[in-house]
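All remarks here apply to the structure that follows.
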Amino acid sequence: MKRNQVISAIIAVVFIILPLVVTSDYYRHLAILALMWVVIGGSWNLLAGYTGQISFGHAIFFGTGAYTAGILADKLGTSAWLGMALGGFTAVLAGLVIGFICFRLRGPYFALATIAAGEICRLIAVNWESLTNGMVGVLLIQTFRSKLPYYYVALALAAASLLVFNLVMKSKWGFYFVSIREDQDAAESLGINAALYKNLSLAISAFFTGTAGAFYMNYMAFIDPEVVFSLPYISIMAILVAIIGGVATIWGPAVGALIMVGIQETFRSAIFGLAPKWVSQSHALVFGLMVIFVILYLANGVVGDWPKIKRLVVRSR
Amino acid sequence: MVGASMAFFEAQEIGKTFGGLKALSDVSFTVNQGEIFGLIGPNGAGKTTIFNLINHYYPLTSGDILFKGKSIKGMKTYQICHLGIGRTFQVVKPLKRLTVLENVMASAFCRVNTFKEARELALDTLEFCNLMSEKEKPAKSLPIAGRKRLEITRALATQPELLLLDETAAGLNPAELDEAIELILKMRDKGVTIIIIEHLMKVIMTISDRIHCINYGRTIAEGTPAEVANNPEVIEAYLGESYA
Amino acid sequence: MTVFFQTLVSGILIGGIYALIGMGMTLIMGVMGIINLAHGQLMMVAMYITFVAYTFFHLDPYLSLFVAMPCLFFLGVAIQKFLLNPLMEVETIIPQNQVLMTVGIAIVLTEIARFIFSSTYRSVTTSYTGKVFFLGGISFNVAMTVAFLFAVTLTIVLFWFLLKTDLGRSIRATAQDKEAAILMGVNSRRITIITYGLGAALVASAGSLLIPIFYLFPDIGRPFTTKAFVITILGGMGSTVGAIFGGLTLGIAESMGATYIGMSYKEMVGLIIFLLVLIFLPGGLKRLTKV
Amino acid sequence: MTSFLQILLVGVALATFLAPGPATAQDAIKVGIVLPLTGDQAKFGEIEKLSFYLALEEINAAGGIKGKKLQFLFADDTGNPEVGRTVMEKLIKKDKVVMLGGGYASAVTYAMAGVAQQNRIPFLINTGSADVITEKGYDYIFRLNPTVSDYTSGLESFLTAVVKPKNVVILHESSLFGAEGAKAFKNTCEKLGIKVLMVEGYEGWFRAFDFQPLLMRVKQANPDLVYMISYLRDATLLMQLAREMKLTPKLFVGGAAGFTLPEFAQEAGKAAEKVISVTLWHQSLPIPGAREYFDKFKATYQRDTEYHGAEAYAAAYVMTDVLKRAKSLAPEDIKQALKETDMQTVFGPVKFVSYGKMTNQNRLNTYVVQWQEGKLRLIWPADLAQAKYVYPVDWLKEWGFK
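Residue numbers (this note's numbering), protein chains in the order written: chain E, 1 to 317; chain W, 1001 to 1244; chain G, 2001 to 2291; chain C, 3001 to 3402.
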């Protein structure tokens, strides 16, 4: 216990100092994105990894949060930061609706329903023009020109999410979530209100994803339905972040977020400009190849498969 | 509330229909507090269906179920567990990737709220069920006897007043069987009322106070083990099977 | 009334092609119990094959059918053999990793297409592109009518294959009840491989048929993947007859939605029907027809 | 074998790393131009990029700017706002461009304008036309082309004087450009007393293939005028199907964009004949240099150009003029110079004014063109017309049915 706390504290200090050492806006930008994905990956992990409800629709919550912040700022002229405080709650509302519909279904059917729900949300955002501006999206001007404030907000959010996930998983709720994942029927016969706890898990997951979405609105200052309700680049990315890091581990998604954003940007920038330009055009291809690679060889993620990786490395020496 | 005249547990003419097919019709029985009540019948007679109806795994088609004088009809599975009716599954459903201790803790949370209390309750229950040595193992690594025992331990950790045991002895070797019987009697002595479904006549005849026998979804006999064993209908229902 | 019938005809014609897409998907879903989220992308690959065959070898799209279908069959076989089947042995917390794998495949196929052909819109303009003929005041798009007829023919051939050949029967058995089929000695691994190939070939045919009507670009696969699983759930997983009904239902619903609600709501109509069926009619239309 | 491969890889990597950038990188003035070079709208991007090039060569041949060469860094927004913002960011942060140009699709341009404003780098838009782009009060955003609601100003008099339609159906692609254009034209019609029977939007890309039910509804509505705001593919498909379905209103009018591209006539064939479109420019207009630009473009690239190209070509000259006048290459100075712009270009006079909610917006007249014998001819206003308009039109004859 003590040792873990020390390690957590060291990591926290490193991340607090990091942007003061790294002054390049580009690297700070990557760090901000990575921290945002720590939150989203962890949220997905709570619902899917721990509670066993595989969602292909986390873009719903991300988009709802982002649009909450965006619409408040665009239509009512409030600060988008107010939206960030509220984004999580609207995402929870969306989550309860989704839960009401999709939790009637189990396993692959639940997954399918979340895909459909995600697509419906995207289409609503496209078509409800008076509210969302449709395909035009919401455009704001950032509050800060420096990346630093955004970095620390993202860091705080990531830290808060990890803390909450950790606390939840050590509590009765955590036990219940995992029990539902392992066997919903057994869980119910052991006195677990599966419907309630699935919705609780969904609500926490949606809250953090929505807050991350609202943060994205603040930070990127532009959203449109294709970006924030994207199946591949939000919903699937959330899954990948969690899987590559390690499903059903607290630190897995966090590690996964750093890896995914790192690799993606490495290729997007054509290995920092060293490689020819076509490498940068193929970054989406690399994204896809990574999905395949990870599922084939690292199905339990870097954290989950760490013993396996260590063994391989040691043996090869 | 619980009057003396009130039965501890009562099934009143319960019935279940699956897509037009009657799986169970008009089965009634009462169970007294502190007894071991056996439920027997050939394969497919509807025994597990009764359990599934009691803990509302399926909704009742007809009839009513009373626990301590109150109807539990329409209650959710988890509510029934909180009321004090625990159950095990014939096809065991361990929480595979959790350790034995964690399995039991998950159910202990039914009665307590903190991690510490749940752990204590779980350890006590494991001790009671003689499963302490296995507590750190993942549930999926247990052999069948261990899994069956875990199933009981888990149900017991929800501190039921009534426990439904579904074929907890099936697939066990003689030594394990004796341990299982010992555990069941120990639970009864602790004050848990038990309804048990069992295929092994040796087990059910020795431990049950009373036995209820069904076939094709209908009651065919009820009484003490000796009465039921000598009932011609019961013998007929079983003969075909045991000699097949 | 004319508008209604026009809408109906448009819906039925496109529904026939949707059925083709859905049948491939339903076989895959039935046999493997997974959602193939690369289905539309396989179609996209077939469309590019057809496009290349037309542009460089002046092969009529309807003839390219016989090039695209075998190509996609082998692509499907390779995918199943080297990417999906190995996952059966991997134990993970997330049971849906085969589904995720198909997502990965979908992205890779799309991006390879983008790499080779760029995002530029391509089209195959044949002599019959944009032609219509009239029948009782209703206009029939020539290319779509031909595609519909091809779809019907292919469906008949597929049914013959599934009902009359041993291999077909094994596939059907596996699609309907996997465990029973394995017990009866069906080699499920071989069946999954062939089924995925067959599913890919079926959706390839849809691609070749659609190319005179659609513009082609790498991202065209995604909406069709969505349509494919909507059709499959509508019809009932594993049911080929269901897929036909599902395809027609979706085609008509979309068409009606476009006319009577608004063209931009077309997609949503399909998805909402999908959710309703998923929730209120689990098992799909199959349940109603008992086929 | 392995070692050979390794050497090769290292060699390639080194070569890319050490390869000198463009020779003039040091002393050139860098301007970023963002256009759709791939994707749905690539055809428009292409015609604009070629025109930018044409202008660039002339400008540098004439001595560049204050002794330095002008350099355009082209970036591809792929028709996607998110990509557009990313490449803008890269041009500003990494390439350190002094100003930005381009901006094709309204939705993309709008999103990109945010980046320019945020980073306070002047952005001269030459095509993105939705009103909202210059309504936000962004002081670093300037627009050379008229707004979409002004697109039909030239058409109005043609309608009132010649066609006198009683009613109209408006079909539009439903992105920002089409939606705003449709709204504006609807208002125009109501102002002119033309009854609007139907306004129908369709999604701008692949979902738009099935126009038959839509056109059947139009046919039943039987309007005098069908007004369409479309990009290239949808414009082509709509007209082809209208021909096939023998949909014959008094007039088909396109709202610029797809309807003036040479590819429209090539792909739609007979179905394009006698279609009228709004345009922002035509080579036969009495604007100094317009005809020369058109001819030079044709001579250089062996193809026709139209208003999009003229916008780009003019934008290149406005930038040159601004950069020459600016006190320094600091963004504020360039912004100031842009504000003071008052010049003549092949696209018409350029002067950025603020009116109503608009800021830094150039105002220009618009015109009406008609496809006649496969050529785009200027038909309105009558005093500038290059050819007489053909109206009324016997569509069945034009379409080869008679």
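Heads up, the beta-carbon is just placed ideally off N, CA and C, and yes, glycines get one too. Please read these numbers as outputs of a predicted model, since none were measured by experiment.
{"Query": "Closer than 8 Å between beta carbons: that is the criterion. Which residues of the segment 2265-2281 of chain G meet it against chain E?", "Result": "2265, 2267, 2268, 2271, 2272, 2274, 2275, 2278, 2279"}
{"Query": "Measuring CA to CA, which of E:111, E:130, E:112, E:134 is closest to residue 122 of chain E?", "Result": "E:134"}
{"Query": "Rank W:1104, W:1062, W:1044 by C-alpha distance to the C-alpha of residue 1134 of chain W and give the top, closest one.", "Result": "W:1104"}
{"Query": "For residue 3030 of chain C, which residues does DSSP report across the bridge?", "Result": "C:3071"}
{"Query": "Could you work out which residue in C:3392, C:3377, C:3391 is closest to residue 3385 of chain C when comparing CA atoms only?", "Result": "C:3377"}
{"Query": "Is residue 1009 of chain W close to chain E, meaning its C-beta is less than 8 Å from at least one C-beta of that chain?", "Result": "no"}
{"Query": "Shorter than 8 Å from the beta carbon of residue 229 of chain E to some beta carbon of chain C?", "Result": "no"}
{"Query": "When you compare the CB positions of residue 2215 of chain G and residue 2121 of chain G, do they come within less than 8 Å of one another, or not?", "Result": "yes"}
{"Query": "If we count the other Cβ atoms within 10 Å of its Cβ and call it buried at 16 or more, is residue 297 of chain E buried or exposed?", "Result": "exposed"}
{"Query": "Between which residues of its own chain and residue 3274 of chain C is the CB-CB distance below 6 Å, once the five residues before and five after are set aside?", "Result": "3390, 3393, 3398"}
{"Query": "Which residues in the same chain as residue 3023 of chain C place their Cβ atom closer than 6 Å to its Cβ, once the five residues preceding and following it in sequence are excluded?", "Result": "Because residue 3023 of chain C carries a pLDDT of 42, less than 50, the predicted location of this residue cannot be relied on, and the following value inherits that uncertainty. None."}
{"Query": "Below 7 Å on C-beta distance, what does residue 3042 of chain C contact in chain G?", "Result": "2120"}
{"Query": "Could you list the residues in the segment 3088-3118 of chain C with a C-beta less than 7 Å from some C-beta on chain E, going in chain order?", "Result": "3093, 3107, 3110, 3111, 3114, 3117, 3118"}
{"Query": "With DSSP as the reference, please indicate the residues paired to residue 222 of chain E in a beta bridge.", "Result": "E:139"}
{"Query": "Count the other CB atoms within 10 Å of the CB of residue 179 of chain E; is the residue buried (16 or more) or exposed (fewer)?", "Result": "buried"}
{"Query": "Cutting at 8 Å between CB atoms, please list the residues of its own chain near residue 3367 of chain C, excluding the five before and the five after it.", "Result": "3154, 3278, 3279, 3280, 3281, 3282, 3285, 3378, 3380, 3381, 3384"}
{"Query": "Hey, would you say residue 65 of chain E sits closer than 8 Å to residue 210 of chain E, going by beta carbons?", "Result": "yes"}
{"Query": "Please confirm if residue 2064 of chain G has its CB atom under 8 Å from at least one CB of chain C.", "Result": "no"}
{"Query": "Answer with yes or no whether the minimum CB distance from residue 300 of chain E to chain G is below 8 Å.", "Result": "yes"}
{"Query": "Comparing C-alpha positions only, which one of G:2053, G:2057, G:2171 sits nearest to residue 2071 of chain G?", "Result": "G:2053"}
{"Query": "Once the 5 residues before and after residue 3001 of chain C are set aside, which same chain residues still bring their CB inside 8 Å of it?", "Result": "In this prediction, residue 3001 of chain C has a pLDDT of 39, which is less than 50 and means its spatial position is unreliable; nothing more can be read from the coordinates."}
{"Query": "Name, please, each residue of chain E whose Cβ falls closer than 7 Å to the Cβ of residue 2097 of chain G.", "Result": "295, 299"}
{"Query": "Is DSSP giving residue 1256 of chain W helix, strand or coil here?", "Result": "Residue 1256 of chain W is absent from the model: chain W starts at 1001 and stops at 1244."}
{"Query": "Please report the residue range of the alpha helix (DSSP H) in which residue 2172 of chain G lies.", "Result": "2166-2176"}
{"Query": "Could you compute how far the alpha carbon of residue 36 of chain E sits from the alpha carbon of residue 1063 of chain W?", "Result": "55 Å"}
{"Query": "Within the continuous alpha helix (DSSP H) that includes residue 321 of chain E, where are the two ends?", "Result": "Residue 321 of chain E lies beyond the range of chain E shown here (1 to 317); nothing can be said about it."}
{"Query": "Rounding to the nearest angstrom, what Cα-Cα distance links residue 3140 of chain C and residue 3331 of chain C in this structure?", "Result": "9 Å"}
{"Query": "Less than 8 Å between C-beta atoms, sequence neighbours within five positions excluded: which residues of the same chain meet that for residue 3027 of chain C?", "Result": "3068, 3069"}
{"Query": "Please report the straight-line C-alpha distance between residue 1230 of chain W and residue 1046 of chain W, rounded to a whole angstrom.", "Result": "22 Å"}
{"Query": "Can you list, in chain order, the residues of its chain with a C-beta nearer than 8 Å to that of residue 2294 of chain G? Leave out the 5 residues immediately preceding and following it.", "Result": "Any answer about residue 2294 of chain G is impossible in this case: the structure gives chain G only from 2001 up to 2291."}
{"Query": "What separation, rounded to the nearest whole angstrom, lies between the Cα atoms of residue 202 of chain E and residue 53 of chain E?", "Result": "9 Å"}
{"Query": "Within the same chain, show all residues whose beta-carbon is closer than 8 Å to that of residue 2261 of chain G, passing over the 5 residues directly before and after it, in chain order.", "Result": "2269"}
{"Query": "Pairs of beta-carbons, one from the segment 3230-3249 of chain C and one from the segment 3123-3135 of chain C, closer than 8 Å: are there three or more?", "Result": "no"}
{"Query": "How many Å lie between residue 130 of chain E and residue 2178 of chain G at the Cα?", "Result": "50 Å"}
{"Query": "At the level of alpha carbons, what is the spacing between residue 3033 of chain C and residue 184 of chain E?", "Result": "57 Å"}
{"Query": "Taking all protein chains shown into account, decide if residue 3244 of chain C is buried (16 or more other Cβ within 10 angstroms of its Cβ) or exposed.", "Result": "buried"}
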